[in-house]
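Here is the structure we will look at.
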Amino acid sequence: MTRYIITRFLLMVPTLLAVGVLIFVLVRVVPGDIVALRLVLGGSFVTPQVIEAERARLGLNKSMWAQFSEWMTGMLRLDLGRSMWSGEPVASEIGLRLQLSLELAVIATAIATAIAIPMGTLAAVYRGRWVDQVIQVISVAGLSVPSFWLGILMILFLLSVFNYLPPLVFTPLWQDPKANLAQLIWPALAVGYRYSAVATRMTRSALLEVLREDYVRTASAKGLATGIILRKHALPNALMPVVTVIGLEFAFLIGGLVVTEQVFNLNGIGKLIVDAIAQRDYTLIQGLMLLVAVGYILVNFLVDLLYAWIDPRVAYQ
Amino acid sequence: MPGSTRGWRINRGRFRPWLRFLRRYPLGAGGAAVVVVMVLAGLAAEWVAPGDPVAANFGAMFNAPNRAHWFGTDAFGRDVLSRIIFGARTALVIGFGSSLLGATIGGAIGVASAYFGGITDLLVQRLVDIVISFPIIVVAMAIVAIIGVGTDKLVVAIALSFLPRAERVVRSSALSVREMAYVEAARALGCSHGRIIRRHMAPNVLAPYLVMLTSFLGQAILLEASLSFLGLGISEPTPAWGLMLRGAAVDFVQRAPWMAIFPGLAISIAVLAFNVFGDALRDAFDPRLRT
């Protein structure tokens, strides 16, 4: 097991390196660099000398290879560089927003899991009956309603019924948990609906598969109560694909909340990605994309470990 | 032999399969009906829409729904219903265009990658691994940043974001097709790689391809709406549902809720229709997947 964990961990390095190279090249393919955007589009007249000086200051006049090796050596020292736009270290720019996005993703996951597992189970147990049909329609609707529109409707509802608007400023959880939740619960609900729909569908189909197994028939033939069969025999075996889906959706939430953050005016990772791309802030984009990739790879890794924990048959050699 | 099969099929009635689909998948058939209505409305927008979708009328800004404007007017006094009907055209063009393009090119790469195997497959799969590890909206945003905004560019951007996912789905089916005796036979007969891929492999991955295509349609419409909402998709004054939710619709949500409610409803209904139709199609095509 320990050996497996170590190899899995080391295997992340080449993947991340490939991500790094790809992102590095890609951001430089985008037309217009930060200097052109900031100085030239600013409207004021600037001499070519000033533009060159600014490029030199940001290191943009060096060869691609020199820029890349500079970035990579920085990474070895765990230094992501400084944002080209604000001049702040990329790590602290990201750190500020990550707290919000991560918390939002965790709340949304909790909501989705709390809805999906009971709903999916109900649908599978009462397969084909009206309960199943209602749950299925609710889930497919969850995949269809844009979460940002759901967010707009929530704001509309809160405004017109309670004349209340969720707080616009982020307060860390430990400073004032109530204010923190008051802000984050709404976007979490808006994305949680779609998320729960994905997980409900997965729970239902995975459970249906397991309910067909012989051991479930045996259990029910020997007279076990349905609840016990579900809890002891069916659900643990159906949980693996559900855990995978929940994990991957979680990973995608960290960077994928772009639109929802916009609706609720949240200053999270998604908004930072939009801004960084719009401002051609190369170092910041690189840092953010690496963060998203690391998040995805880490979650995959954790899901694999969880497999071993849920299913004792999985032995890693 | 072909003659007899033909006769048998005609006797069964041409509409039989459709009627069976309707009976077995009423929800899916309902979805298909909504899609048909949407396509018709999109095609005939000029005749169906009560007004001009782009003409501003500053004398009629933020009008609540009334007899002249069933869904009210927006911040420029434009008729919301007309913009929704014309928006259907935008959504369909982008939905069908990007899904077809992404699924087809991705599928072709998937079949080729499965057929050739070895180092080609390995390299393609690693590249796909990397792209798949990013949320689809982030990939689409990055592509829009590179190629720019506009309807045609949005089709390309969404298609490219679907490409790696399509590649994965089709490749996994193509892997088993590659092991089939008829592919080996074709190879033994000396068929070229291109011919084997086109004539022997591609037709046999058609079912997963079609199922995937329908699931992309709904996703593409959602993605287009999200990108337009962010200002990275369709730009004013072109009517597009996501764009209608941007700006004034959010800022004046309490004063003019119809501006936010109706376009969102249009997106939801359209995507729902494609999704239930896609689900039914998947069940009908592949009984093994039915649950």
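Chains as they are written, first to last, in the working numbering: chain Y, 361 to 677; chain S, 34 to 324.
C-beta: ideal position from N, C-alpha, C; glycine also.
Given the structure is predicted, the values throughout are model-derived calculations rather than measurements.
Check                                                                                                                                 : Outcome
Contact residues within the segment 244-255 of chain S, judged by C-beta distance below 8 Å to chain Y                                : G251 and L255
Min CB distance A240 of chain S to chain Y below 8 Å                                                                                  : no
is_contact[G615 of chain Y, chain S] using C-beta, thresh 8 Å                                                                         : yes
Whole-Å CB distance - T469 of chain Y paired with F610 of chain Y, under 8 Å assumed                                                  : 5 Å
Residues sharing a beta bridge with T106 of chain S, DSSP                                                                             : S:D112
Terminal residues of the alpha helix (DSSP H) in which E212 of chain S lies                                                           : Looking at the DSSP string, E212 of chain S is not in any alpha helix (DSSP H), and its letter there is neither H nor E.
Beta carbon of V304 of chain S nearer than 8 Å to that of G266 of chain S                                                             : no
Closer than 7 Å at the beta carbon, the chain S residues around F661 of chain Y                                                       : Those within 7 Å of F661 of chain Y in chain S number zero; the least Cβ separation is about 12 Å.
The segment 122-129 of chain S contacting the segment 253-269 of chain S, beta-carbon criterion three pairs below 8 Å                 : yes
Per-residue burial, M424 of chain Y [other beta carbons within 10 Å of its own, 16 or more giving buried]                             : exposed
Contiguous alpha helix (DSSP H) assignments of at least 4 residues, all confined to the segment 480-553 of chain Y                    : 490-504 and 507-522
At least 3 beta-carbon pairs within less than 8 Å: the segment 226-241 of chain S vs the segment 204-212 of chain S                   : yes
Proximity test, Cβ basis, 8 Å: P449 of chain Y and chain S                                                                            : no
CA-to-CA distance, E463 of chain Y to L608 of chain Y, given in whole angstroms                                                       : 16 Å
For R577 of chain Y, the first and last residue of its enclosing alpha helix (DSSP H)                                                 : D574 to A581
Length of the line joining the Cα atoms of S132 of chain S and V387 of chain Y                                                        : 26 Å
Three-state secondary structure (DSSP) of N308 of chain S                                                                             : helix
Where G587 of chain Y falls, given that 16 or more other Cβ within 10 Å makes a residue buried                                        : exposed
is_contact[A426 of chain Y, chain S] using C-beta, thresh 8 Å                                                                         : no
Euclidean distance between Cα positions of I662 of chain Y and R368 of chain Y                                                        : Strictly speaking, residue 662 of chain Y in this sequence is Leu, with Ile absent from that position. So the two alpha carbons sit approximately 10 Å from each other.
Chain-order list of residues whose beta-carbon lies under 8 Å from that of N308 of chain S (same chain, five-residue window excluded) : G64, S248 and G251
Sequence-distant residues of its chain with Cβ nearer than 8 Å to I165 of chain S (five each side left out)                           : P197, R198 and R201
Minimum Cβ-Cβ distance from F522 of chain Y to chain S less than 8 Å                                                                  : no
Residues near T643 of chain Y in its chain [Cβ-Cβ closer than 8 Å; skip 5 each side]                                                  : W431, L440, G441, R442, S443, M444 and V450
Secondary structure of P59 of chain S, DSSP reduced to three states                                                                   : helix
Distance CB(F295 of chain S)-CB(V244 of chain S) smaller than 8 Å                                                                     : no
9 Å Cβ cut-off: residues of chain Y touching G139 of chain S                                                                          : What G139 of chain S touches in chain Y: nothing, since even the nearest Cβ is about 18 Å away.
DSSP-derived helix/strand/coil call for P391 of chain Y                                                                               : coil
Proximal residues to L503 of chain Y (C-beta, below 6 Å), its chain only, five neighbours per side dropped                            : A557
CA-to-CA distance, Y58 of chain S to L52 of chain S, given in whole angstroms                                                         : 10 Å
Own chain, CB closer than 8 Å to K186 of chain S, minus 5 neighbours either side, in chain order                                      : V177 and I180
Residue range of the alpha helix (DSSP H) that includes G630 of chain Y                                                               : I629 to A638
Counterpart residues of R198 of chain S in DSSP-defined beta bridges                                                                  : R198 of chain S pairs with nothing; no bridge assigned.
Burial state of N96 of chain S (16 or more Cβ within 10 Å)                                                                            : buried
Residues that R442 of chain Y bridges to, as DSSP identifies them                                                                     : Y:P449
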